[in-house]
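Protein chains in written order, with the numbering used here: chain B, 182 to 427; chain P, 182 to 427.
Here a beta-carbon is modelled for each residue, glycine too, at the ideal position from N, C-alpha and C.
Each remark here refers to the structure printed beneath this line.
Number of protein chains: 2
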Amino acid sequence: MSASTGRSKSRTSGKPTYKQIRLDIERRILTGEWPPGHRIPFEHQLMTRYGCSRMTVSKALSELTQADLIERRRRAGTFVRRPNFLSAVLKITDIRAEITALGRSYAYELIKSSRRAAATADRARLGVLKTGKVIEIGCRHCADGVPFAVEDRLIDLDAVPKASTANFALEPPGSWLLHHVPWTEAEHSISAIVADEEAAGALDIAVGAPCLVIDRRTFRSGRTLTAVRLLYPGESHKLVARFRGG
Amino acid sequence: MSASTGRSKSRTSGKPTYKQIRLDIERRILTGEWPPGHRIPFEHQLMTRYGCSRMTVSKALSELTQADLIERRRRAGTFVRRPNFLSAVLKITDIRAEITALGRSYAYELIKSSRRAAATADRARLGVLKTGKVIEIGCRHCADGVPFAVEDRLIDLDAVPKASTANFALEPPGSWLLHHVPWTEAEHSISAIVADEEAAGALDIAVGAPCLVIDRRTFRSGRTLTAVRLLYPGESHKLVARFRGG
DNA sequence: CCAGATCATATGTATAGACATATCCACGCG
DNA sequence: CGCGTGGATATGTCTATACATATGATCTGG
Chain B
182 MSASTGRSKS RTSGKPTYKQ IRLDIERRIL TGEWPPGHRI PFEHQLMTRY GCSRMTVSKA
242 LSELTQADLI ERRRRAGTFV RRPNFLSAVL KITDIRAEIT ALGRSYAYEL IKSSRRAAAT
302 ADRARLGVLK TGKVIEIGCR HCADGVPFAV EDRLIDLDAV PKASTANFAL EPPGSWLLHH
362 VPWTEAEHSI SAIVADEEAA GALDIAVGAP CLVIDRRTFR SGRTLTAVRL LYPGESHKLV
422 ARFRGG
Chain P
182 MSASTGRSKS RTSGKPTYKQ IRLDIERRIL TGEWPPGHRI PFEHQLMTRY GCSRMTVSKA
242 LSELTQADLI ERRRRAGTFV RRPNFLSAVL KITDIRAEIT ALGRSYAYEL IKSSRRAAAT
302 ADRARLGVLK TGKVIEIGCR HCADGVPFAV EDRLIDLDAV PKASTANFAL EPPGSWLLHH
362 VPWTEAEHSI SAIVADEEAA GALDIAVGAP CLVIDRRTFR SGRTLTAVRL LYPGESHKLV
422 ARFRGG
């Protein structure tokens with residue numbers, strides 16, 4: 182009697198799941214059928230096109246929003262996002278966990294640690310304007326006794342007051358921060374340099390050898406928490422990742 | 182006119198929205214209250230705890246799943262994911278779009294292009310076992326007339342037969358692939374090298390100057406589509422990104 | 001012609017209920 | 001003891017409905 186007699190798992194009858202809807206829309210975006218800026222059909226229209234409820238369409242669109250493929254504006258509609266070019270996203274990593282996860286022995290060595298009022302250079306590095314206290318830490322991470330990376334870090338003590346109480350002689354600052362301080366944003370810059378005498382000494386490589394440099398600033402709600410420069414011996418160390426696209 | 186109509190869903194009365202639920206769970210994970218591997222309460226329990234419907238809890242958990250913070254297994258429950266260490270995620274970028282998006286002039290130059298049966302080295306580079314045809318392309322990208330990056334790319338013609346028909350003298354292979362071939366996974370490796378004579382010549386830098394190297398293999402459903410090595414002049418070029426965490 | 005009020009509309013959030021599906025676990029058979 | 005099988009259970013998906021909310025569009029008065 183009811184109109185929806187065939188409410189069963191018959192996915193062959195042209196009633197797609199939200200995943201199939203998501204994939205279909207994704208395909209249209211990736212193939213350029215719906216180019217950046219294009220307004221895609223309203224939920225109401227998609228619901229008719231795919232023959233499902235608005236919630237189902239909405240779920241597909243929500244996921245695409247989270248994946249940064251589309252942008253939704255109330256009253257206006259849903260639009261294909263312009264991709265962010267020149268963008269590299271690095272996950273925040275804890276070097277200690279990174280090394281032990283590989284089954285290698287980890288050693289940590291604090292080289293220097295100083296606490297001071299933020300100098301102009303410190304403020305520039307953190308990207309903050311007002312003066313305050315900072316901690317600067319230099320340290321070295323080794324894997325199986327071989328230098329793995331050297332780290333130079335600045336922590337804004339006003340943003341992270343708890344850092345005063347941490348003992349960075351025992352625990353690497355990256356590990357401590359990752360476990361004690363929640364962050365919301367990070368900004369990375371990757372580059373390559375040649376080792377000067379200091380870097381060569383710390384990493385036990387030749388002067389002039391290439392090094393991979395990762396500069397990172399970490400924020401919470403727009404406020405800088407810490408700025409770090411990691412120096413890796415260039416030819417030996419590689420950062421590898423798999424990205425689930427689609 | 183009244184400042185607030187007495188809404189039934191007043192947020193003060195301890196009935197959180199799915200976003201607040203998401204944030205609460207996220208906080209517990211990030212603070213270590215729920216460490217990696219921990220099984221978090223069942224949807225049913227969370228629904229009681231937060232006083233909302235299962236769908237609402239489910240939406241919060243779905244988003245956390247998409248953000249890779251948790252893992253859900255039918256019948257077993259929901260677990261805090263172990264973070265992927267040593268992982269760097271780079272978005273796939275189209276260098277041409279990247280440069281033009283910055284408002285700089287883009288120039289492209291095909292240096293070499295050869296089509297052949299896959300040699301052992303080619304198969305190793307692609308990570309495939311069976312023999313087949315490949316295209317190797319060498320090219321250079323310039324921004325405002327200055328070398329921006331040199332590219333050496335291998336395309337598996339069995340996986341991407343359409344590539345036979347593309348004219349890589351006119352269109353950069355990266356742009357062509359991005360617009361014609363959907364991919365699902367990518368694997369990146371970042372390192373630093375010093376420029377040899379060939380690289381120095383191509384990038385117009387001194388021999389011995391540092392270069393940033395990005396090696397990338399792109400897959401669809403586990404099958405390698407293409408392998409590319411991008412060489413950037415190290416000190417001048419930086420990859421910058423912001424990551425919305427949390 | 002512009003500023004402010006108002007309306008219409010598309011997305012945002014939430015719900016109860018239903019059925020689908022994978023899989024852990026225990027039971028029972030050989 | 002090993003192994004297949006079935007039931008229990010937690011997540012996965014879908015629906016119809018309702019109301020919230022932001023905002024583009026329109027109307028209106030100065």
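Asked	Found
Below 8 Å on the Cβ atoms is my guess for B/Ile-202 versus B/Val-261; work out the distance and round it to an integer in Å.	Rounded, the Cβ-Cβ distance is 15 Å, inconsistent with contact.
Using a Cβ-Cβ cut-off of less than 7 Å, list which residues of the segment 359-391 of chain P approach chain B; keep chain order.	His-360, Pro-363, Trp-364, Thr-365, Glu-366, Ala-367, Glu-368, His-369, Ser-370, Ile-371, Ser-372, Ala-373, Ile-374, Val-375, Gly-389 and Pro-391
Using only the alpha-carbon positions, how far apart do P/Ala-257 and P/Arg-410 sit?	42 Å
Throw me the rounded Cβ distance for the B/Ala-373 and B/Val-394 pair, which I believe falls under 8 Å.	7 Å
Return the chain-ordered list of same chain residues with a C-beta closer than 6 Å to the C-beta of P/Leu-359, the five sequence neighbours on each side being excluded.	Asp-275
Compare the Cα-Cα distances from B/Arg-398 to each of B/Pro-354, B/Val-362, B/Leu-335 and B/Asp-377 and report the closest residue.	B/Leu-335
Looking at P/Gly-389: is its Cβ nearer than 8 Å to the Cβ of B/Gly-389?	yes
Give me the chain B residues within the contact set of P/Gln-150, using Cβ-Cβ distance strictly less than 7 Å, ordered along the chain.	Because chain P is modelled from 182 through 427, residue 150 of chain P falls outside the range shown and cannot be assessed.
Residues in the same chain with beta-carbon distance under 8 Å from P/Glu-332, minus the five sequence neighbours each way, listed in chain order, please.	Ile-276, Ile-318, Gly-319, Cys-320, Arg-321, His-322, Pro-353, Pro-354, Gly-355, Val-409, Arg-410, Leu-411 and Leu-412
Rounded to the nearest angstrom, what separates B/Leu-310 and B/Arg-304 at their Cα positions?	6 Å
Quick check: what's the CA-CA separation for B/Ser-243 versus B/Leu-291?	46 Å
Would you say the beta carbon of P/Phe-400 is closer than 7 Å to some non-hydrogen atom of the ligand MN?	As far as ligands go, the structure on display features none, and thus does not contain the ligand MN.
Give the DSSP-derived three-state secondary structure of B/Lys-196 in the structure shown.	coil
Measuring only the C-alpha atoms, how far is P/Lys-200 from B/Tyr-231?	28 Å
Are the Cβ atoms of B/Thr-405 and B/Leu-307 separated by less than 8 Å?	yes
Given a threshold of 16 other Cβ atoms within 10 Å of its Cβ, counted over all protein chains shown, does P/His-369 qualify as buried or as exposed?	buried
Could one say the Cβ of P/Gly-355 lies closer than 8 Å to chain B's Cβ atoms, at least one of them?	no
Closer than 8 Å, CB to CB, is B/Leu-351 near chain P or not?	no
Listing by chain order, which chain P residues have their CB less than 7 Å from the CB of B/Leu-393?	Ile-371, Ser-372 and Ala-373
Which residues in chain B sit within 7 Å of P/Gly-415, going by Cβ to Cβ distance?	Ser-372, Ala-373 and Ile-374
Name, in chain order, the residues that DSSP records as bridge partners for B/Asp-385.	Paired residue(s): none; B/Asp-385 is not in a bridge.
If you compare alpha carbons, which of P/Asp-396, P/Gly-415, P/Ile-371 and P/Ala-367 is closest to P/Leu-384?	P/Gly-415
To which residues of the same chain is P/Ala-298 closer than 8 Å at the C-beta, ignoring the five residues directly before and after it?	Thr-312, Gly-313, Lys-314 and Val-315
As an exercise, report each continuous alpha helix (DSSP H) stretch of at least 4 residues that is fully enclosed by the segment 287-315 of chain P, in chain order.	301-307
With which residues is B/Ile-374 paired in a DSSP beta bridge?	B/Cys-392
Which of the three DSSP states, helix, strand or coil, is assigned to P/Glu-214?	coil
Label P/Phe-400 either buried or exposed according to how many other C-beta atoms from any shown protein chain fall within 10 Å of its C-beta, with 16 as the threshold for buried.	buried
Check each candidate in P/Leu-351, P/Gln-226, P/Cys-392 and P/His-225 and name the one with the smallest Cα separation from P/Lys-293.	P/Leu-351
Tell me whether P/Ala-300 is buried or exposed, calling it buried when 16 or more other Cβ atoms sit within 10 Å of its Cβ.	exposed
Out of B/Thr-346, B/Pro-216, B/Gln-226 and B/Lys-240, which one is the CA nearest neighbour of B/Arg-296?	B/Thr-346
Considering only the beta carbon of each residue, do B/His-225 and B/Arg-209 sit closer than 8 Å?	no
Would you identify the three-state DSSP class for B/Ala-324, choosing helix, strand or coil?	strand
Return the CA-CA distance between B/Lys-196 and P/Glu-207, expressed in angstroms with no decimal places.	35 Å
How would you write the range of the alpha helix (DSSP H) that P/Ala-340 sits in, first residue to last?	Where P/Ala-340 is concerned, there is no enclosing alpha helix (DSSP H), given that its DSSP letter is neither H nor E.
Please check the pair P/Tyr-287 and P/Ala-324, which I expect to be a contact at CB under 8 Å, by giving their CB distance rounded to whole angstroms.	6 Å
Can you grab the Cα-Cα spacing for the pair P/Arg-253 / P/Lys-240, in whole Å?	13 Å
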